[in-house]
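>
Next comes the structure, spelled out in structure tokens:
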């Protein structure tokens, strides 16, 4: 029987009603006891480093979770993480870069309803997370939610209320649960020869969405305070040109001051291509800015934090950022 470490961090799945609204209060043991059939799948130990609404989770906590997995990696066959849904896609992406090529599965799940709700989604999601974590084909970092197995770098929360809260952006599901059975579409074992752990991130990243008529002077703040910026452009990569070169000059200033710049798109699907239109082509050719192509914004942010931590020069950063990790780039 396989042995799994269950890491509980809070979230809606572990929340109870209070006079101020739902608050994480249910322990890891209580979560596990609510899904007794897990005991027929595997032996489970639990640890609860946090009991937080995921709005209050960030890179600090995710580094700690990665360290827990690293320190216990030899003792267990897989890891299941209960996490709030609001930042779960950021957590999954970040853990995909902190733990790479892992032959043992790291599985994140959560719920739109507390596990105390009898007809909610918590019990199903938690059980299916353990089913996937104990499967012989499982490896890498994934989100299991509402019957979907999603690559950690491709998950995005696309619904705020419905149980089908997460989608795989521009990449097929790794697997699905159908008629209570796990169907794996993609075998990733050849891509996961053995775990490589990282423990540093640079959090001074800002993601800024371009809007029509935006004053480009907002980039002055970024130059002074940030190590990297994700510019969410229009369409396939449009950067505004309002009869002057203000945006172009601000982007040039960012790069001259050592700020790493990645341009992505605001559109959820099909990615960017700065070469298509003049409004993107000039920026790409003149300044060699990086573009995210069809990476999710969550993955871009996480990968920038990781790449900044392990590079000194622009060339080193570009090499790390442009090297595919965990299905993040096609």
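Residue numbers (the UniProt record's numbering): 1 to 330. Positions of the beta carbon are idealized from the N, C-alpha and C atoms, including for glycine.
With a CB to CB cut of under 8 angstroms and the five nearest residues on each side skipped, what residues in its chain are close to residue 125?
Only 13, 109, 110, 111, 144, 145, 146 meet the Cβ criterion.
> Whose C-alpha, out of 255, 7, 105, 193, is nearest the C-alpha of residue 32?
Comparing Cα positions, the closest option is 7.
> Throw me the rounded Cβ distance for the residue 326 and residue 140 pair, which I believe falls under 8 angstroms.
Going by Cβ atoms, the distance from residue 326 to residue 140 rounds to 6 angstroms, so yes, they are a contact pair.
> To the nearest angstrom, how far is the alpha carbon of residue 332 from that of residue 317?
Because the chain in this structure spans residues 1 to 330, residue 332 falls outside the shown range and cannot be described.
> Over the uninterrupted beta strand (DSSP E) stretch that includes residue 143, give me the two end residues.
Run containing residue 143: 141-145, per the beta strand (DSSP E) assignment.
> Under a Cβ-count criterion, where at least 16 other Cβ atoms within 10 Å of its own Cβ denotes burial, should residue 331 be classed as buried or exposed?
Only positions 1 to 330 of the chain appear in this structure, which leaves residue 331 out of reach.
> Would you mind reading off the limits of the beta strand (DSSP E) that contains residue 42?
From DSSP, the beta strand (DSSP E) with residue 42 extends over 42-47.
> Quick check on residue 172: buried or exposed, where buried means 16 or more other Cβ atoms within 10 Å of its Cβ?
Residue 172 should be labelled exposed.
> Write down every uninterrupted run of the beta strand (DSSP E) in the segment 144-177 whose length is 3 residues or greater and which is fully enclosed by it, in chain order.
148-151, 155-157, 166-168, all fully within the segment 144-177.
> Between which two residues does the beta strand (DSSP E) containing residue 232 stretch?
Here the beta strand (DSSP E) through residue 232 covers 228-233.
> Taking the beta carbon of residue 212 as the centre, do at least 16 other beta carbons fall within 10 Å, making it buried, or is it exposed?
Classification for residue 212: exposed.
> Taking a contact to mean a Cβ-Cβ separation below 8 angstroms, would you say residue 264 touches residue 297 in this structure?
Against a cut-off of 8 angstroms, the Cβ pair of residue 297 and residue 264 comes out as a contact.
> Can you tell which of 156, 135, 274 has the C-alpha that lies nearest to the C-alpha of residue 187?
When each option's Cα is compared against that of residue 187, the closest is 135.
> Can you list, in chain order, the stretches of the beta strand (DSSP E) that have 3 or more residues and sit fully within the segment 251-310?
Runs found: 260-265.
> Between the C-alpha atoms of residue 204 and residue 56, what's the straight-line distance to the nearest angstrom?
Roughly 17 angstroms separates the two Cα atoms.
> Considering just the uninterrupted stretch of the beta strand (DSSP E) at residue 109, what are its terminal residues?
That run of the beta strand (DSSP E) goes 106-109.
> Using the Cα positions of residue 201 and residue 94, report the straight-line distance between them to the nearest angstrom.
Each residue's alpha carbon lies about 9 angstroms from the other.
> Just how far apart, CA to CA, sit residue 282 and residue 193?
Residue 282 and residue 193: Cα-Cα distance of roughly 41 angstroms.
> According to DSSP, simplified to helix, strand and coil, what is residue 38?
Three-state DSSP puts residue 38 in a helix.
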